[in-house]
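In the UniProt record's numbering, the protein residues as written are 1 to 148.
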């Protein structure tokens with residue numbers, strides 16, 4: 001059974017006692033008019049209770065919607081910053097990594113011949129052996145040792 005958050009009071013609008021706890025009548029004349037007045041007062045009390053519950057519900061909605069508005073504004077600011085970064089980005093300024101001359105030559109030959117270049121271009125193992133053989137491709141002999 002769900003937990004009741006709000007209750008509207010009075011529940012029974014038209015229930016009234018025409019007599020006291022001692023049994024004496026409360027109203028002597030016009031009993032139906034007294035019942036009608038009591039019912040009308042209870043209906044007004046019930047409407048006031050309903051208005052208070054509605055005010056609580058709409059107050060909670062207002063808080064949640066304000067939170068959503070703030071989050072949406074923050075997201076919009078982030079999107080504007082990303083847009084500014086993307087618009088300011090110049091792809092021509094991106095640094096390009098330098099390759100070893102043997103790899104650069106192989107890539108250039110491959111590009112100029114349409115992939116039908118030298119034999120060592122067709123075999124990636126040959127390129128790898130050129131790069132890892134220890135010989136300095138710039139013509140300086142051996143690479144210096146890597147340790148102390």
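Where is the CB? At the ideal position from N, CA and C, for every residue including glycine.
Practice item. Just the C-alpha distance for residue 52 and residue 42, rounded to the nearest angstrom, thanks. Key: Taking the chain shown and counting its residues from 1, the one referred to as residue 52 is at position 52. Taking the chain shown and counting its residues from 1, the one referred to as residue 42 is at position 42. Computed Cα separation, rounded: 15 Å.
Practice item. Please state whether DSSP places residue 91 in a helix, a strand or coil. Key: Along the chain shown, read from residue 1 onward, the residue named residue 91 stands at position 91. It is helical.
Review point. Taking the alpha carbon of residue 37 as the point to measure from, which residue in 8, 90 and 17 has its own alpha carbon closest?
Key: Here the question's residue 37 lines up with position 37 in the chain shown. For residue 37, the nearest C-alpha among the options comes from 17.
Practice item. Look up residue 73 in the DSSP assignment and say whether it is helix, strand or coil. Key: In the chain shown, counting from the first residue as 1, residue 73 sits at position 73. Three-state DSSP puts residue 73 in a helix.
Exercise for review: Under the assumption that residue 39 contacts residue 14 (Cβ atoms under 8 Å), give the Cβ distance between them as a whole number of angstroms.
Suggested key: The count along the chain shown starts at 1 and reaches residue 39 at position 39. The count along the chain shown starts at 1 and reaches residue 14 at position 14. Rounded, the Cβ-Cβ distance is 5 Å, consistent with contact.
Exercise for review: Kindly indicate which residue of 60, 93, 90 and 21 has the alpha-carbon position closest to the one of residue 5.
Suggested key: Here residue 5 corresponds to residue number 5 of the chain shown, with the count starting at 1. When each option's Cα is compared against that of residue 5, the closest is 60.
Review point. Where in the stretch 21-58 do unbroken runs of the beta strand (DSSP E), each at least 3 residues long, occur, reported from the N-terminal end onward?
Key: none
Point to revise | Cutoff 8 Å; reference residue 56; Cβ partners in own chain excluding five residues on either side | key: As a position in the chain shown, residue 56 is number 56, starting the count at 1. Hits under 8 Å: 6.
Exercise for review: On a CA-only basis, which of 69, 29, 12 and 71 is nearest residue 19? Give me that one, please.
Suggested key: As a first step, residue 19 must be located in the chain shown, where it is residue number 19. Here the closest residue by C-alpha is 29.
**Study point:** Nearest neighbour of residue 9, chosen from 32, 31 and 44 [CA to CA]
**Key:** Position 9 of the chain shown, counting from 1, holds the residue named residue 9. The shortest C-alpha separation from residue 9 is found at 44.
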